[in-house]
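Have a look at the structure below, then the notes.
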Amino acid sequence: DDPKRRISLGRYYRLADAEYLTMQPKSPGEFAESVGIEMDTVSGDEVTAHVEILPKLHQPYGIAHGGVYCSIVETLASVGAATWWGERGRVVGVSNSTDFFRSTREGIIQCRATPLHRGRSTQVWVVEMKDEQDRLISRGQVRLQNLT
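The sequence shown begins at 13 in my numbering and counts up one residue at a time.
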């Protein structure tokens, strides 16, 4: 066996001989893909994406489920934080707070994540989601722990 072979961990990989997990995002992951999150840009300074709101994402009253917005917030913040942290280790979410301002039944929502704080041990990312009329639908914040 090659000691440097890559082991799949969903959207992440690690080198088999690493003493700790060194994880880098390769895609938003199967869960995020099932929600329909399409990444547009990814960097350690900003992540943008879009999501088409379809009936499969509705709650019983015919509007997008709040969990969709929470999932977008967690995904974009995690990808941005992991990209910025890079080879130093991995990041894990420890807190997600998402507010809902408008409901939506259909259409494309634009999503943008930016860092509010990036430190040695934690990061805080803010994610905003807007509808096709550029109205704020939801805003969330994720605190992530940097692990080495």
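Idealized CB from N, CA, C, for every residue including glycine. Fair warning: this is a prediction, and the values are worked out from it, not measured in the lab.
Could you tell me the alpha carbon to alpha carbon distance between residue i and residue j, rounded to whole angstroms?
| i | j | result |
| --- | --- | --- |
| R147 | E99 | 37 angstroms |
| D52 | E58 | 10 angstroms |
| R132 | G101 | 11 angstroms |
| F43 | P127 | 23 angstroms |
| W96 | M141 | 21 angstroms |
Rounded to whole angstroms, how far is the Cβ of residue i from the Cβ of residue j, which I believe are closer than 8 angstroms?
| i | j | result |
| --- | --- | --- |
| S83 | V47 | 5 angstroms |
| I121 | H62 | 7 angstroms |
| A94 | V106 | Not confirmed; about 14 angstroms, so no contact. |
| R114 | I149 | 5 angstroms |
Which residues does DSSP list as the beta-bridge partners of residue i?
| i | result |
| --- | --- |
| T116 | Note: T116 sits in no beta bridge, so no partner. |
| I121 | V63 |
Is the beta carbon of residue i sitting closer than 8 angstroms to the one on residue j?
| i | j | result |
| --- | --- | --- |
| G79 | F112 | no |
| T110 | Y81 | yes |
| L156 | Q135 | yes |
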